[in-house]
Each structure stands twice: as C-alpha cells, then as structure tokens.
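In the order they appear, the protein sequences are chains A and B.
Per the working numbering, residue 442 is the first one in the first sequence, and the count goes up by one each step.
Per the working numbering, residue 906 is the first one in the second sequence, and the count goes up by one each step.
This report concerns only the one structure given below.
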Amino acid sequence: MKTSKTLIGLTIIGCSAGLLFTPSLQAAVSDEDFNALKAMVLKQGQQLDQLQKQHEQDQAVHTLDQQQISALQQQLQQTQALATNAAVKAEAASQIQPVYPVPNPAPRATHDFLVTGDAEVQYGKATGGHGTFGLADFAPIFLFRANDNALFEAGFDVTLQNNVDANGNPTGDKKTGVDLSFAQLDYLLNDYVTVVAGDMLLPLGTYSERAAGWLNKIPDDPLVRDYLPGSGVGAQLRGALPVGEAGQMLTYSVYGVNGPSSTNDAHAGRLDLNGNVGDTPNWHANPSGGGRIGWFYPWALHYDLELGISGQTGEWSDYAGSYAWSAAVLDAAVHLSPYFEVKGEYVNTWQQIDDAGTLHPSGVWVQAAYKLAGLEKDLPVINNLELVGRYDNENDNQGSKVDRYTAGYVYYLSNTLLFEGDYEWFLVHGQNPNGNAPGSFVLQLSMGF
Amino acid sequence: MKVNIPLSPHSQRVPGRFIFLGSLIAILVTLFFATPGLVLAGDTHAAPAQGKPPQPKKVAKKLSGAELYAIHCNRCHPERYPEEFNQTKWKTLMTHMRVRANLPAKQATVIMKYLQDQGGN
C-alpha cells in the first residue's frame, strides 16, 4: 500500500510540473533541454516499472501470509477440539474403576514358535515279495520358546503304512498311526544344568536323540534298538562341561522315569519298554533310573572322537509281580575328515522273568560312511553321493540270533533333501521270530525342514 | 524308522557274507586313503598331496562360531546354512540343539551369534 501511494504522488507531481512549466518553456526549450527532459521522463518510466513489479511481489507475499494465517487458524481450532475431547475422555476415565495388576517379578515371556522335523517316503521289496511303497512318514517337531531359558518341544510321528500293522505284519489294509515321539519341557537352569521333564528321548546311547529320518543314513533302525526304550516319562538333569576352549567337553545326563511295563495281557506278561504311562494294571511303584556320561574330543575341524557309556535300571511288572530290568550301552563315533565317519553302539540288557531266570538280549551295530566329495573330482553327481555300510545284529538270548549286513548310498539333492537306497542281507540263526527275509532293498526320499 | 515292507518267513543263508564284509572294508579303506589331503592330524610324517593342504586345520585355542559349528553340528546332520532362518528362529533352534546335543552353554552362545550374524531376515 505504501508503494502504491508513492507511485500516485510521483505521478501527480510530474503532471503538475508539466502543467506549470510548459507555457514558459515552450519558446525557450533547446534540444539539449528537451533531451535532458526526455531522459528524465524515461528514467521515471523505468522507476515506475520497478515500483510496479515491487508492488506485485508485495501482493504475492501478502497473499501467502493470508494463507498461512488461515492454516494456523485451522490448526488452532483442531488443537482446541483435541483438548476438549481429551478433557471429556479424562473425565470419563475418572469414572472407570482402575485395574490393579498382580505383582509378578518373573520376566515376561518372549514367545517364539517354530516347526521343524522331517518327512519320508519309502519304497521297498523283500526277496520273494512284491515291491511296494511301504511307508509315508511326517515327523514334525514343534518348538515353543517362552524366553531365553525355557523351551517346550514335542515331536510326532505320523505314518501311513500299507498293509502292515505297527509291527510290520500284513493286515490287508492301510493304517495311519500317530505317535508322540517326545514331549518335554527344557529349562536352562544355568550354564551347566538343564532340567528336562515330560516324555523324554532317553540318552541310552546316542541313536534315539540323533535318529530323525533325514539324519539316519540308512532308512531303518539298528535291530538292537528294539531292546531299548526310545523315550520315557519322567525328569532329567543334563549338561556339558567344556574342557579348554578347543571344543572338548564332558557331557552328562541323569534321569528318572516310570520305566518299562508289560503288555495288557492277563495271561502272559510281556515286557513293554514304552508302555509306562498310566497303564494301571501294570503299574509299579518304583521308577527306573538311568544316565549317560560322554566324552567328546575334537583334535581338528571335522576330526573328532566321541565315547559314551549309558544305562538304565529299574523294574517292570506284570500281573504276577515285579522284576528287574536293566540295560547298558556303549557308544562311539569317529570322524576323520568331513567325509568319513564310523559310529556304533553295543547294547546289553538284563530282563528278569518269572519262569526263566534272567535273559540277556543284546546286540551291536557299526556303521561307516564316506562322502565321495572327498575324492575332489569335479563331478557333480559323484560329489553329492555318500556310500554307507552297516553291520548289526540282535541276540534275544532265547535261541534266535540275526545278523544283518546293509550296503547303500545317500544322494544329497540338497542339504536337507536326501535320496537313499540300501540293500540288506539277513542271516538268521535258530528261530526267525521276525520273519526276516534273506534280503530286501529300500529306497527312501527324506526331507528335513 | 523301521522298514515295514512284507517279509518272507523263509530263512536262507546268504553265501556272500564274507564277500560283503571284505568288499565293504576294502572300499572304505581305499576311499579313505584315496582322499586327497586327508591325513591323520598330528601325523607329521604323512606325505602331503600335491597342490592340496597337507594337514587338516588344527583346532585353535579359542574357536570361532563357524569353527564350533563345524565341530558340533556337522557330525550329526548336514549343514544348515545361516541364511535359512532369521535371528529369532536361530535362537529357538539353538536352545533346542543345546539341549539335544548337550552343548556347553558358552559354545552354544558363540555358535548362535555366528548364525544370527549371518542369518536371514
């Protein structure tokens, strides 16, 4: 506005001067004066243009200021509205009864849930029999971590078996089985002690705890594992003591479980190694105890030795009474390079029975494996292949002894997808209680996840 | 998992019993000694293979997470790569494996840190 007034004033003064001085100058104006006057007029014109531009800029600034003022006014109104609402809510909240949390000094859980496990499909053929897809197996492991120290884990074995019952005997129909392999709560008490409770994999040897389908380099279990319980219901303390800082360690496990029972048969008691949960007719008062001590010594990367001794003792019962049952297991494993390993177990058991004193079912298994990648040949197929051989036997101490020889391979389609194939030879001495054929082969596709 | 294919009740002697054992041992021994660069640790008299590291890597006084992983984990199962799980999942898995494999606490922690540092998202 100020600029506008100045512009009008200058215009009036210029016009007045022109009116006042024109008559007197009309006769006496020279070219020089005329030119000077002309230059002055032109200069004033330029000044007028500059003033006009300045005026337009001022107008734009003014418009912007007005917009900002409007925006600020709107914000102010919103703030006032929020303050009003907050006051209303605060007043409403003051009418609600407060919640008093229960004092709890325990740390809050930071849950994490994970499913791992494995799945298998088998095709097999025994000498004199028909080839068949004999097994589809889904074995998930559910891991539920509550915090840094507490973990619940449960493993299932869901199987579809074709024309066989749980013991492998033909039945004429298919059967789906769901087996709880283990369900245990682990609590890391400190660096050296972990408390385990529930249905636990038992540390009798190492096979049970390292026997997932995609870990076994041979699809079936060693025969002698039939003489040991796979899991037990109870509690366990376990841990490891490092020796030095080069990986060497001593490990221990000590546990108490319900122990074996017998089949629910009123006429003849048969030892049932896994029948120890709530079977009241066969329930016995005293739990079984057991444990394992192990030594692990690595002297270079992928070069190590592991030795362990483990056992369990207790009693089993049938309708006639209670009897002693014990087991001892020696286990060993050697790795010589990333490619070669040998491992095995020796199992001896003592089963007291009513009418035949004490039986000593026993057996052994030894397995060797070699990854052909160790030959360092630039052949992709060969480098993914591992050769496996195993000898195992079982002696039931009742007139039957079975030797089995297995030769096979593992082809690694990936680090968790394995295609295995094996051929087995059986040598049966005395009776043949399991109906073993002289030979059979098995193909298995196994996936860990 | 037990193989449950139908089996014949007939028992026969297999003549290749000793052939099997002999062949198996011969194959494994041949492969073992045919492995380039594979010598027993500490055997300083072993001849080095041409162009290959003559000795396995000796265990250092204090092992890194990757080395402890190689020592403890690969002896039971094929290698699981760090990228397969994220940090939270590795913590759960390592808690599981610490119990299952009876690993010392500090070594399990070092392995877990290695896996988490290299882990996926």
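C-beta: ideal position from N, C-alpha, C; glycine also.
Everything numeric in this text was worked out from a predicted model, so none of it was measured.
Query, Result
"What is the residue span of the beta strand (DSSP E) that Asn789 (chain A) lies within?", "Phe781 to Gln793"
"With Arg1005 (chain B) as the anchor, note down where its alpha helix (DSSP H) starts and where it stops.", "Gln992 to Arg1005"
"Just to confirm the assignment, what range does the alpha helix (DSSP H) spanning Thr857 (chain A) have?", "Careful: Thr857 (chain A) lies outside any alpha helix (DSSP H) and carries neither H nor E."
"Please report the residue range of the beta strand (DSSP E) in which His743 (chain A) lies.", "Looking at the DSSP string, His743 (chain A) is not in any beta strand (DSSP E), and its letter there is neither H nor E."
"Excluding the 5 residues flanking Thr799 (chain A) on each side, which residues of the same chain have their C-beta closer than 7 Å to its C-beta?", "Trp791, Gln792 and Gln793"
"I need the DSSP call for Lys1011 (chain B), collapsed to helix, strand or coil.", "helix"
"Closer than 7 Å by C-beta to Met1017 (chain B): which residues in its own chain qualify, once you throw out the five before and the five after it? Chain order, please.", "Trp995, Lys996 and Met999"
"Excluding the 5 residues flanking Phe623 (chain A) on each side, which residues of the same chain have their C-beta closer than 7 Å to its C-beta?", "Ala595, Gly596, Asp640, Met641, Leu642 and Ser672"
"What is the DSSP secondary structure of Lys842 (chain A), reduced to helix, strand or coil?", "strand"
"Mapping the DSSP letters down to three states, classify His801 (chain A) as helix, strand or coil.", "coil"
"Determine the contact status of Glu747 (chain A) and Ala773 (chain A), defining contact as a CB-CB distance below 8 Å.", "yes"
"To the nearest angstrom, how far is it from the Cα of Glu865 (chain A) to the Cα of Gly880 (chain A)?", "5 Å"
"Using a Cβ cut-off of 8 Å (strictly closer), state whether Thr617 (chain A) contacts chain B.", "no"
"Is DSSP giving Asn1026 (chain B) helix, strand or coil here?", "coil"
"Taking Cβ-Cβ distances below 8 Å as the criterion, which residues of the region 991-1002 of chain B are in contact with chain A?", "Thr993, Lys994, Lys996, Thr997, Leu998, Thr1000 and His1001"
"Determine, for Pro987 (chain B), whether the minimum Cβ-Cβ distance to residues of chain A falls below 8 Å.", "no"
"I think Trp897 (chain A) touches Gly849 (chain A), with their Cβ atoms under 8 Å apart; what is that distance to the nearest whole Å?", "This structure gives no information on residue 897 (chain A), because the portion of chain A shown stretches from 442 to 890."
"Tell me, to the nearest whole angstrom, how far the beta carbon of Pro802 (chain A) is from that of Asp837 (chain A); I am working on the premise that it is less than 8 Å.", "5 Å"
"For Leu1008 (chain B), return the contacting residues in chain A, with the cut-off set at a CB-CB distance below 7 Å.", "Ala681"
"What in chain A is Cβ-close to Lys1011 (chain B), meaning under 8 Å?", "Asp632 and Pro683"
"From the beta carbon of Lys967 (chain B), is the nearest beta carbon of chain A less than 8 Å away?", "yes"
"For Asn1026 (chain B), return the contacting residues in chain A, with the cut-off set at a CB-CB distance below 9 Å.", "The contacting residues do not exist; Asn1026 (chain B) stays about 15 Å from chain A at best."
"In three-state DSSP terms, what is Arg711 (chain A)?", "coil"
"Can you tell me the Cα-Cα spacing of Leu771 (chain A) and Thr993 (chain B), whole angstroms?", "37 Å"
"Consider the Cβ of Val562 (chain A): report whether some Cβ of chain B lies at a distance smaller than 8 Å.", "no"
"Check for me: the beta strand (DSSP E) holding Ile682 (chain A) runs from which residue to which?", "A small fix is needed here, since residue 682 (chain A) is Leu in this sequence, not Ile. Counting along the chain, the beta strand (DSSP E) containing Leu682 (chain A) begins and ends at Ser672 to Pro683."
"Label Thr504 (chain A) either buried or exposed according to how many other C-beta atoms from any shown protein chain fall within 10 Å of its C-beta, with 16 as the threshold for buried.", "exposed"
"Are the Cβ atoms of Val775 (chain A) and Lys658 (chain A) separated by less than 8 Å?", "no"
"What residues in its chain sit with their C-beta under 8 Å from that of Phe416 (chain A), if we drop five residues either side in the sequence?", "This structure cannot settle anything about residue 416 (chain A), because the visible part of chain A is limited to 442 through 890."
"Assign Asp559 (chain A) to buried or exposed, taking buried as 16 or more other Cβ atoms, counted over all protein chains shown, within 10 Å of its Cβ.", "buried"
"Can you check whether the CB of Gly675 (chain A) is closer than 8 Å to the CB of Gly697 (chain A)?", "yes"
"Which of the three DSSP states is assigned to Val869 (chain A) in this structure?", "strand"
"I'd like to know if the region 683-702 of chain A and the region 729-746 of chain A are in contact, where contact means that at least 3 CB-CB pairs between them fall below 8 Å.", "yes"
"Chain B beta carbons: is any one of them nearer than 8 Å to that of Asp745 (chain A)?", "yes"
"With C-beta atoms as the reference, is Val665 (chain A) less than 8 Å away from Gln677 (chain A)?", "no"
"Where DSSP assigns a beta bridge to His776 (chain A), which residues make up the other side?", "A:Asp745 and A:Glu782"
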